[in-house]
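This report refers to the structure that appears directly beneath it.
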């Protein structure tokens with residue numbers, strides 16, 4: 051039987067006393083079910099069905115479990131997002147946003163990439179895009195809106211483009227901006243979509259990157275496994291907390 055690694059993040063790592071546990075299982079769901087039977091702290095995080103309990107997220111080889119096909123996986127990460135106290139949640143300030151925007155802007159300048167236009171991904175990318183544009187002196191800013199909708203009775207989520215790009219970017223150096231590269235799917239879809247407009251060159255930037263992402267942007271300020279609460283997402287976070295109580 052194959053071995054599947056369960057990666058423990060946040061307080062689970064300290065509670066179990068290890069970064070990883072190895073589970074013999076045929077697929078990642080079975081591995082999570084076995085893991086919860088082995089460790090009481092993991093049973094708090096994982097339901098008997100193998101799905102995460104409220105306040106936790108599961109990533110299968112870097113992909114949100116809700117869009118992952120059931121089968122063998124090399125690594126399954128369990129991330130507490132509200133349990134275990136404030137150590138697992140990072141509340142970002144406007145100073146944090148200004149600082150990270152300055153960091154990525156400096157890295158863009160030092161790389162020699164001459165930005166002509168900037169495209170922000172709604173919602174989280176539009177404020178960083180505006181700040182970075184101000185730092186770089188770029189006047190042409192566009193936006194696109196990408197959402198993930200789950201079809202009825204189907205576990206896999208399908209990304210769709212809600213708002214197309216109206217800014218002309220043909221033969222222009224284009225910078226795509228988002229707040230964080232989590233699974234990387236939103237950024238990848240934006241990248242694929244922007245290519246249809248035949249820009250001269252495309253670069254991507256996010257302020258933060260999660261260690262399990264499938265897409266590392268060209269420029270970023272920091273890697274973190276914390277659950278990030280941006281200044282523009284405070285009320286969304288409060289609603290999530292309320293739903294878990």
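In this note's numbering, the protein residues as written are 51 to 295.
Where is the CB? At the ideal position from N, CA and C, for every residue including glycine.
Is it buried or exposed for residue i, if we count other Cβ within 10 angstroms and need 16 for buried?
i, result
"residue 197", "exposed"
"residue 210", "exposed"
"residue 231", "buried"
"residue 269", "buried"
"residue 192", "buried"
"residue 220", "exposed"
"residue 254", "buried"
"residue 235", "buried"
"residue 100", "buried"
"residue 53", "exposed"
"residue 148", "exposed"
"residue 249", "buried"
"residue 150", "buried"
Does DSSP put residue i in a helix, in a strand, or in coil?
i, result
"residue 192", "strand"
"residue 260", "coil"
"residue 107", "strand"
"residue 97", "coil"
"residue 283", "helix"
"residue 236", "helix"
"residue 62", "helix"
"residue 154", "helix"
"residue 140", "strand"
"residue 160", "helix"
"residue 179", "helix"
"residue 79", "helix"
"residue 274", "coil"
"residue 123", "coil"
"residue 247", "coil"
"residue 147", "helix"
"residue 201", "Per-residue confidence for residue 201 stands at a pLDDT of 41, beneath the threshold of 50, marking its modelled position as unreliable; the derived number appears in the next sentence. Note: residue 201 maps to coil in three-state DSSP."
"residue 241", "helix"
Spatial neighbours of residue i within its chain, please: CB distance less than 8 Å, with the 5 preceding and 5 following residues excluded, ordered by chain position.
i, result
"residue 62", "91, 92, 95, 128, 130, 134"
"residue 259", "230, 231, 266, 267, 270, 272, 273, 274"
Taking 6 Å as the limit between beta carbons, can you name the residues of its chain near residue i, skipping five residues before and five after?
i, result
"residue 57", "70, 125, 127"
"residue 276", "140"
"residue 241", "none"
"residue 202", "In this prediction, residue 202 scores a pLDDT of 35, lower than 50, which makes its location untrustworthy; the coordinate-derived value is nonetheless stated afterwards. So no residue of the chain qualifies."
"residue 251", "223"
Looking only at its own chain, which residues have a Cβ that is under 7 Å from the Cβ of residue i, when we skip the five neighbours before and after it?
i, result
"residue 112", "233, 262, 263, 264"
"residue 77", "120, 121, 122"
"residue 84", "73, 75"
"residue 154", "182, 255, 257, 269, 270, 271"
"residue 110", "78, 118, 123, 126"
Inter-stretch contact (C-beta, 8 Å, three-pair minimum) for the region 146-166 and the region 180-192: yes
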